[in-house]
Each structure stands twice: as structure tokens, then as C-alpha cells.
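Per my numbering, numbering of the sequence shown is gapless, rising by one per residue and ending at 445. Glycine included, every Cβ here is placed at the ideal spot set by N, Cα and C. Notes follow once the structure below has been shown.
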Amino acid sequence: MLKIDGSQLIKEFDVEEAISSIGKDIEISACVHKVRKMSEFAFVILRTGRYLIQTIYSPDNCSDTLEDVKEGCYVKVVGTVKEDDRAYNGIEILLKSIKVIAKMNNDYPLHVSHKKLGCSLDVNLDMRSVALRNPYERAIFKFQEGVCNGFREFMLKNDFTEIHTPKIVAQGAEGGANIFHIEYFDKPAFLNQSPQFYKQTAVAFFDRVFEIAPVYRAEKHSTSRHINEYISLDFEMGYIDSMYDVMNMETALLKYIVSYLEENYQPEIKILDAKLPVIDKIPALTLLEAKEVLGDKASKNKLDLEPEDEVNLCEYAKKEFNSEFIFVTHFPSSKPPFYAMNDKKDPRLACKFDLLFRGLEITSGGQRIHDYDEQIAKLQSMGLDPEDFKYYLEAHKYGLPPHGGLGIGLERLVMKLLNLSNIRQTSMFPRDINRLTP
Ligand code: AMO
Numbered sequence: 008m009l010k011i012d013g014s015q016l017i018k019e020f021d022v023e024e025a026i027s028s029i030g031k032d033i034e035i036s037a038c039v040h041k042v043r044k045m046s047e048f049a050f051v052i053l054r055t056g057r058y059l060i061q062t063i064y065s066p067d068n069c070s071d072t073l074e075d076v077k078e079g080c081y082v083k084v085v086g087t088v089k090e091d092d093r094a095y096n097g098i099e100i101l102l103k104s105i106k107v108i109a110k111m112n113n114d115y116p117l118h119v120s121h122k123k124l125g126c127s128l129d130v131n132l133d134m135r136s137v138a139l140r141n142p143y144e145r146a147i148f149k150f151q152e153g154v155c156n157g158f159r160e161f162m163l164k165n166d167f168t169e170i171h172t173p174k175i176v177a178q179g180a181e182g183g184a185n186i187f188h189i190e191y192f193d194k195p196a197f198l199n200q201s202p203q204f205y206k207q208t209a210v211a212f213f214d215r216v217f218e219i220a221p222v223y224r225a226e227k228h229s230t231s232r233h234i235n236e237y238i239s240l241d242f243e244m245g246y247i248d249s250m251y252d253v254m255n256m257e258t259a260l261l262k263y264i265v266s267y268l269e270e271n272y273q274p275e276i277k278i279l280d281a282k283l284p285v286i287d288k289i290p291a292l293t294l295l296e297a298k299e300v301l302g303d304k305a306s307k308n309k310l311d312l313e314p315e316d317e318v319n320l321c322e323y324a325k326k327e328f329n330s331e332f333i334f335v336t337h338f339p340s341s342k343p344p345f346y347a348m349n350d351k352k353d354p355r356l357a358c359k360f361d362l363l364f365r366g367l368e369i370t371s372g373g374q375r376i377h378d379y380d381e382q383i384a385k386l387q388s389m390g391l392d393p394e395d396f397k398y399y400l401e402a403h404k405y406g407l408p409p410h411g412g413l414g415i416g417l418e419r420l421v422m423k424l425l426n427l428s429n430i431r432q433t434s435m436f437p438r439d440i441n442r443l444t445p
């Protein structure tokens, strides 16, 4: 009988191991990225899960032919590792054998092996399963993995507990019309706009929590900054003195993510030509101050930031403070979210902040109401019925420490870190008003 004990794992190609195997033979399973035939020999470029590797085929060295080896097929090769400064990662492989393990049935409809695809974004998104084989396109998502890993590692190091909250809910957390209605058997239900209620509830028993998960927004317009399903990097922390504790935590978090990327994602940083921000202190202005510094350039909307304000404030922060980030604090307390604590000094303002980066809001956060009566009063002042929030209010009823937190839009953060122009480029299979497939 065959017994599987988990000790015989097949390994993915390890570039470090290959570099340290110069002069030795190695076996690689990979996709054929490109074949360039010369008169006496051929370059066969292989694509592993993360790297491109140059191999050299010559009929004298190799026991197989290249007859069935086409761009897009999958192969298993054995070859000798050679140093070559001109090749990817400084090595090339002299092929001894090359066996096709899976054929391709159709030629690629896109230029997968080009540096960039060179097609429109719509074509790219329509043909995602092919487009993502292009090293530039897929590097965006490897880099995105790095942002999530950096986020998670920082959170765990700082005693936050990872939680998983429901996405099918009975009540939206963020208010407004951008909520998806679904049928939950015989009951109406919604797709959650954020883990807000649950992460606040969890502060009562874990003190500090975080979540990396999808959230849903029924955006009825098509813009370069909105998608209908995005990944929210959320955290919530107890025992804060003010929202400035949350802003400090975010500054340290962003510094950590950038250095984590620099340390672990150099191949992607190179492919994507990413210019990562240098983060020192992040300036903070109140909304009122922000509108004042913008002067004539400020949008007519006095109660919130419009996209042009975000661009202009970032330009101001760069010029005045040499910072690519800027916090804006103290939004009107009459506006959502209803869970934001009112400023004790001026209750017309809420202890809520946004963080802008390279011209775009990437985060909202703030201090929340922890007192039961205060939360009931704020719900009522906004014309909301506390009965509709019965389960959320249980957390307040049985006691919550002073707390606050934030939500970062992963795709927006990655889009800005990479200086891309459309959020859809950073969503592997984006959902927007016109797109439900692939
Ligand atoms: P908010 O609704 O401002 O706050 O969202 C937080 C962050 O999520 C991102 N974001 C989006 N990204 C892509 N497409 C969208 N349609 C979209 N909508 C929002 C933005 C934004 O800054 N619960 C609060 C957070 C908190 O206070 O903890 C919340 O969800 O980057």
C-alpha cells in the first residue's frame, strides 16, 4: 500500500539554490516563455513561478529535440548551471534534456513574452488568464503579496490577532447606497462593506486585531479608483488615548511594509521599476486647515475632500514637508461613519482621519465611540434606528475599551506604490459596474 507521510515535497525552483549550483546539474519544471532559434543553438527562456531562466539548447548536448517545444508549453529540463552576467539572475543552464509535460493547444492571443503586453486595459482584463503570464503583469500581484505579508508580519509582531469576519451580513457598516443586496434564503441580506462592527467587537476580547479580506461596495460609476470588490487591510486597537495613536501605528506600519518590500521583493521592484516612498514623519492637517492651505484651489465641497483636493494636498505635502503622504483629520461629525467619536473639544467634528498618498485617499480611520449611550445618541442624531444595530451594540453594552483603527484599500495602496493609473491593474480579477467576468 502507498503511504503518504508528507516528507517528499516537490520543490519549486529556487533561484538562490540555482546560483549556488554553478557547474552542477539541476532539474527545473517550468513554462516555455520564449524560444529564440539561432543557426547552431537556441535560447529557451523558461518561466518559473517567479523567475525567468535562460537555457541554451544545442543538439550536441541535449538528448531531446526542440520539435515540440513551443512558447507556452510546460517542460521538465535537466541541465548544467553556468555563470553568465548577461542572463537573468546571472546564470544560464546548458540543457541536457528537455521533456514536454503539457502541450499548449493554442498560440497566445497576447504578447506574453514581451516586456509589457502593449494591449488596452480592457483586452488585458478580458484575457486575464493569459495576460497574467506576462512577467510584468504577474509581478504586480507578487508585489501585492509582499504588501500583505509586510502588513501581516508587522501586525503579528505588534501583538495584533488575525481574525476572519463574515462577508454576508444583516446590516451594512458604512451607510450610503453603495451596498449589495443579496437574498439569504427567505431573508434580505447584504455583502459587507467593511469588517467594522466585527473588528470593534473583537477589541473587547483580543485588544488588538487585524484582517486581510475582501469587502464589497456597489459603486454605480466607473472610475480609475473604485472597484466593487476590494481587499481591505484592517486593524483595530484598544486602549488608545486618541486617534493619533492609530495614525502613529499606521506610519510605523507603512515604514515596515516599504522596508519589507525592499528586502524581499527586489525582483518585482526591478521588473515594475517601482519607486518606493521614503517615509519619515507624515504631516497632518485638519480638514479646515487643508482647505485653507489650498486656498483658491480648494474644491467647493467644504465638508469633504474631492479627488482634486487629494491631488493638490499631496503636491503641497511634497513641496512643504517632502512627504508623499499627508493625513487629514477632523471631518464633520454629522456625516458617516456613525461609529466615529465626536471631538470632545468641538463636537461638530469627528475624530476621523484619511491618509492621502501620491494624490489618492488610501486609508480612513479614527477613534470610535466605545460608550453605549454615546453610540445610541449618535445613531439617533443621524436618523438611524439603534434596533437595527442590536448585535453591534451588544459590544458597547457589555463594555469596550477606548479604541480606534483603520482600513487601507490594498489595491489603491499597490496602485500608488507602483505609480499605476487604474486600480483595475492591481486587482487580479476586478469587479466593476461593467465587469463580472472573468
Ligand atoms: P472607507 O469606506 O473610507 O472606510 O474605506 C477605507 C479605504 O478603502 C478603500 N476604498 C476602496 N478601494 C477600492 N474601491 C472602492 N470602491 C473603495 N472604497 C474604499 C480606500 C479607503 O480609504 N471601516 C472604514 C475604515 C476604518 O475606519 O477602519 C472604511 O471602510 O482606500
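C-beta contact flag for residue i and residue j at 9 Å
i	j	result
glutamate 218	serine 239	yes
methionine 250	glycine 416	no
arginine 365	asparagine 319	no
leucine 310	histidine 337	no
glutamate 160	alanine 209	no
proline 284	leucine 424	yes
glutamate 181	arginine 438	no
lysine 77	methionine 111	yes
glycine 245	alanine 211	yes
Classification of residue i by the beta-carbon crowding that lies within 10 angstroms, buried from 16 upward
i	result
valine 154	buried
aspartate 114	exposed
serine 428	exposed
threonine 370	buried
isoleucine 26	exposed
serine 266	exposed
arginine 54	buried
aspartate 350	buried
isoleucine 221	Residue identity check: residue 221 is proline in the sequence provided, not isoleucine. Proline 221 should be labelled exposed.
leucine 362	buried
threonine 230	exposed
histidine 188	exposed
asparagine 272	One point to set straight first is that residue 272 is tyrosine, not asparagine, in the sequence displayed. Its Cβ being crowded by 16 or more others within 10 Å, tyrosine 272 is buried.
glutamine 307	One detail in the question is off: residue 307 reads as lysine in this sequence, not glutamine. Under this definition lysine 307 is an exposed residue.
arginine 419	buried
serine 340	buried
methionine 8	exposed
leucine 163	exposed
serine 14	exposed
Identity of the residue in the options nearest residue i by Cα
i	options	result
alanine 324	Lys307, Phe338 and Val300	Val300
glycine 157	Pro409, Asn349 and Leu261	Leu261
proline 408	Asp75, Asn141, Gln61 and Ile247	Ile247
lysine 122	Ala138, Asp133, Leu132 and Ala109	Ala138
methionine 389	Asn165, Pro344 and Arg442	Pro344
glutamine 207	Ile234, Asn185, Ala177 and Thr172	Thr172
alanine 177	Phe396, Lys41 and Pro445	Phe396
Cβ shell of residue i (< 6 Å), same chain only, five flanking positions each side left out
i	result
isoleucine 35	Phe20 and Val84
arginine 145	Leu139
Short CB-CB distance (under 9 Å) between residue i and chain D
i	result
serine 266	No chain D is present in this structure, which holds just one protein chain.
7 Å Cβ shell around residue i - same chain, five flanking residues per side excluded
i	result
phenylalanine 360	Met250, Met254, Phe334, Val335, Thr336, Gly372 and Gly373
lysine 10	none
methionine 134	Pro116 and Leu117
tyrosine 263	Gly157 and Phe161
Residues of its chain near residue i, where Cβ-Cβ distance is below 8 Å and the 5 sequence neighbours each way are ignored
i	result
aspartate 378	His403
Check your understanding: Would the stretch 124 to 138 and the stretch 92 to 106 be scored as touching if the rule is three or more Cβ pairs under 8 Å?
Key -> Flag = no, the stretch 124 to 138 and the stretch 92 to 106 do not touch.
Review point. Are the stretch 102 to 121 and the stretch 64 to 84 in contact at 8 Å, needing three or more beta carbon pairs?
Key: Segments in contact, yes.
Exercise for review: Determine contact between the stretch 351 to 360 and the stretch 390 to 402, defined as no fewer than three beta-carbon pairs at a distance below 8 Å.
Suggested key: Result no; under three Cβ-Cβ pairs closer than 8 Å.
Review point. Is the number of C-beta pairs between the stretch 185 to 202 and the stretch 211 to 231 that are closer than 8 Å three or more?
Key: Yes, they touch.
Review point. Hey, is the stretch 379 to 392 in contact with the stretch 277 to 284, meaning 3+ C-beta pairs nearer than 8 Å?
Key: No: the two stretches stay apart, fewer than three of their Cβ pairs being nearer than 8 Å.
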